[in-house]
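Just so you know, the UniProt record's numbering puts the end of the sequence shown at 75, numbered straight through with nothing missing. We put the beta carbon where it would ideally sit given N, CA and C, even for glycine. For reference, the structure discussed in these notes is given below.
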Amino acid sequence: MTAQNDEQPKNEGEGSRTAAKQYNDATRKFVESGKVDKAAKDAEQAIEGDEAEELKRAEDEGRSHAAPHEREREI
Numbered sequence: 001m002t003a004q005n006d007e008q009p010k011n012e013g014e015g016s017r018t019a020a021k022q023y024n025d026a027t028r029k030f031v032e033s034g035k036v037d038k039a040a041k042d043a044e045q046a047i048e049g050d051e052a053e054e055l056k057r058a059e060d061e062g063r064s065h066a067a068p069h070e071r072e073r074e075i
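Structural data, given as structure tokens:
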């Protein structure tokens, strides 16, 4: 029998509270940084500019690995 310890389990399974907290904290920090508008404008320029074709290929590649019901979903 192994001794139990008070450490947090390494595998929290689906719906990891630790990962959710880290994501939420990072998102909040980014929003509060004031960089959202610039990032949105940069993304818009990339989609409409020279990077458009490369970004479309990357999106198609990502979708090819998605579940069938997610492949045609608009983002």
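Secondary structure at residue i, three-state DSSP: helix, strand or coil?
i: Arg57; result: helix
i: Ala67; result: coil
i: Arg73; result: coil
i: Asp25; result: helix
i: Asp37; result: helix
i: Gly62; result: helix
i: Met1; result: For Met1, the predicted structure reports a pLDDT of 44, less than 50, and the residue's modelled location is therefore unreliable. The matter cannot be settled from this model.
i: Glu48; result: helix
i: Glu32; result: helix
Does any residue of chain C have a CB that is nearer than 8 Å to the CB of residue i?
i: Thr27; result: The structure shown contains no chain C; it holds only a single protein chain.
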